[in-house]
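Here is the structure we will look at, set down as structure tokens.
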Amino acid sequence: MPYKRTIIITGGAGFIGSHVVRLFVGKYPEYHIINLDKLTYAGNLANLKDIEDKPNYSFIKADICDYETVKRVISENKVDGIIHLAAESHVDRSITDPFVFAKTNVLGTLTLLQAARECWEPDGWEGKRFYHISTDEVYGALELTRPEGDPDGNECGGGPYGEDFFTEENKYQPHSPYSAAKASSDHFVRAYHDTYGMPTIVTNCSNNYGPYQFPEKLIPLFINNIRNRKPLPVYGKGENVRDWLYVEDHARAIDLIFHKGEIAQTYNIGGFNEWKNIDLIKVLIRTTDRLLGRPEGSDDDLITFVTDRKGHDLRYAIDSTKLKTELGWEPSLQFEEGIEKTVRWYLDNQEWLDNVTSGDYQNYYSEMYGNR
Ligand code: NAD
Ligand code: DAU
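Sequence positions in the sequence shown follow our numbering and run 27 to 398.
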């Protein structure tokens, strides 16, 4: 039986991509899902072990910057949808090595857009969809006007750490090479709609957490370090604020928006769940200690304040009201529940952690920061 749709998910072997692939492969047996991924240090097919034998799933190892290959994959498979997650995603790496961010995030996105256009435009745009996954970091940073945190923040207007949120109307003010590259890719996606009529959608999401996140990012790095009683390198004073969303809630939003979102629209995705880094870190320590059977808080002394990240954005907070009002999406998981699930997952999957923290990754970090 021919498939109803064929969708490429780029970056499907990465953290968020693997959750999106798993959701689509399981929920839509009538779709052919092609995971197109270069398998950089952040891509890992072990993230998809449980679905790799499903008949509606294929993996193609390819670089989104490789125009001929991408075009061939779209054309030979009669692809009608692209969900684009492939990117260089770590801010610290972008500060050390900005060029690969421009190459993958900007030129890679442009390559995909142009290849899709070449394949789709001759027969018309009907039924086609190019969905680009972006970040809240393109909006820059918000002020920390309630530095002590107001527990009633969400009720009394704004969030617990400040009056304002990022809405879809905010202007782009990226600060890091990572966010500058993502901002540029967002502009190219919108330009392909405005210039050629390509049916595009862009979403900007806040910080994700959950299983399969590469342990260079705050949450998995710190869980692993607490487990191994290694120092927890807190940048600056730990006062920066991030808005955390469980990764499966992001994947559900992507599913909904891919199917029901309006063409040429932007949707912000976030959990109204702001945390100051230092407070989040204390929750991580307490949860990890408890699950390991250690006295809660006994690893507080691992907290080590280190030199701040260059250009460190102070606060992110997403207003996802549009997504809620127009499409009815809301996060399903309370933060406490999500953190508990996440810590448990990393503790139960030490082999996964050991595999991804060996080899190139270790060498990279040893060179950059010393052994962390
Ligand atoms: P990740 O680093 O875990 O995974 C990126 C994936 O892209 C990897 O599988 C990697 O192999 C693949 N990739 C990299 N370069 C490639 C190339 N040239 N060709 C093909 N594949 C390539 O990233 P993530 O955290 O899962 O983020 C996925 C997307 O979501 C990114 O676009 C990111 O900007 C965006 N995003 C992430 C977050 C977050 O909190 N992690 C929040 C909002 C938006
Ligand atoms: O907001 C969405 C973005 O969230 C995504 O677009 C990015 O791909 C994703 O990496 C993430 O960016 P952040 O820079 O916010 O995430 P990270 O986990 O690197 O850092 C979270 C916060 O913790 C940030 O304020 C920096 C701080 N931090 C991070 C690390 C790795 C530390 O204090 N120490 C650390 O060792």
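Virtual Cβ for every residue (Gly too), placed ideally from N, Cα, C.
As the structure is a prediction and not an experimental result, all values here were calculated from the model.
What's the call for residue 274, buried or exposed, on a 16-neighbour Cβ count within 10 Å? buried
Taking CB distances under 8 Å as the criterion, tell me whether residue 155 reaches chain C. Absent from the structure is chain C; it holds one protein chain and no more.
Does the distance between the C-beta of residue 145 and the nearest non-hydrogen atom of the ligand NAD fall short of 7 Å?
no
Under DSSP, the alpha helix (DSSP H) around residue 374 begins and ends at which residues? 361 to 374
* In chain order, each beta strand (DSSP E) run of at least 3 residues that lies wholly inside the region 272 to 296 -> 292 to 295
Express the C-alpha separation of residue 311 and residue 212 in angstroms, rounding to a whole number. 36 Å
Which complete beta strand (DSSP E) runs does the region 99 to 179 hold, if anything under 3 residues is left out? 107 to 110 and 155 to 161
Note to self: For residue 253 and residue 373, which I take to be in contact (beta-carbon distance under 8 Å), what is that distance rounded to the nearest angstrom?
What the structure shows: 7 Å
Let me check you understand the geometry: is the CB of residue 160 closer than 7 Å to at least one non-hydrogen atom of the ligand NAD? yes
Assuming contact is defined by CB atoms lying nearer than 8 Å, are residue 198 and residue 164 in contact in what I supplied?
yes
Practice task
Quick one: give me the first and last residue of the beta strand (DSSP E) that residue 84 is part of.
Solution key: 83 to 87
- Query: To which residues does DSSP link residue 332 through a beta bridge?
  - Reply: 261
- Task: Measure the alpha-carbon distance for residue 203 versus residue 283 and round it to whole angstroms.
- Result: 27 Å
> Do three or more CB pairs link the region 77 to 88 to the region 107 to 118 at distances below 8 Å?
Replying inline: no
Exercise for review: Report yes if the CB atom of residue 123 is closer than 8 Å to the CB atom of residue 335, and no otherwise.
Suggested key: no
- Query: Going by DSSP, what residues sit across from residue 92 in a beta bridge?
  - Reply: Beta-bridge pairing links residue 92 to no other residue.
- Message: For the structure I just gave you, are there three or more beta carbon pairs, one from the region 280 to 294 and one from the region 337 to 357, closer than 8 Å?
- Response: yes
Between which two residues does the alpha helix (DSSP H) containing residue 62 stretch?
Residue 62 -> not in any alpha helix (DSSP H); beta strand (DSSP E) instead, spanning 57 to 63.
* If you check the beta carbons only, do residue 353 and residue 287 fall under 8 Å apart? -> yes
Mapping DSSP to helix, strand and coil, what is residue 235?
-> strand
Expected contact under 8 Å - CB spacing of residue 205 and residue 161 to nearest Å | 7 Å
Where residue 352 falls: helix, strand or coil (DSSP): helix
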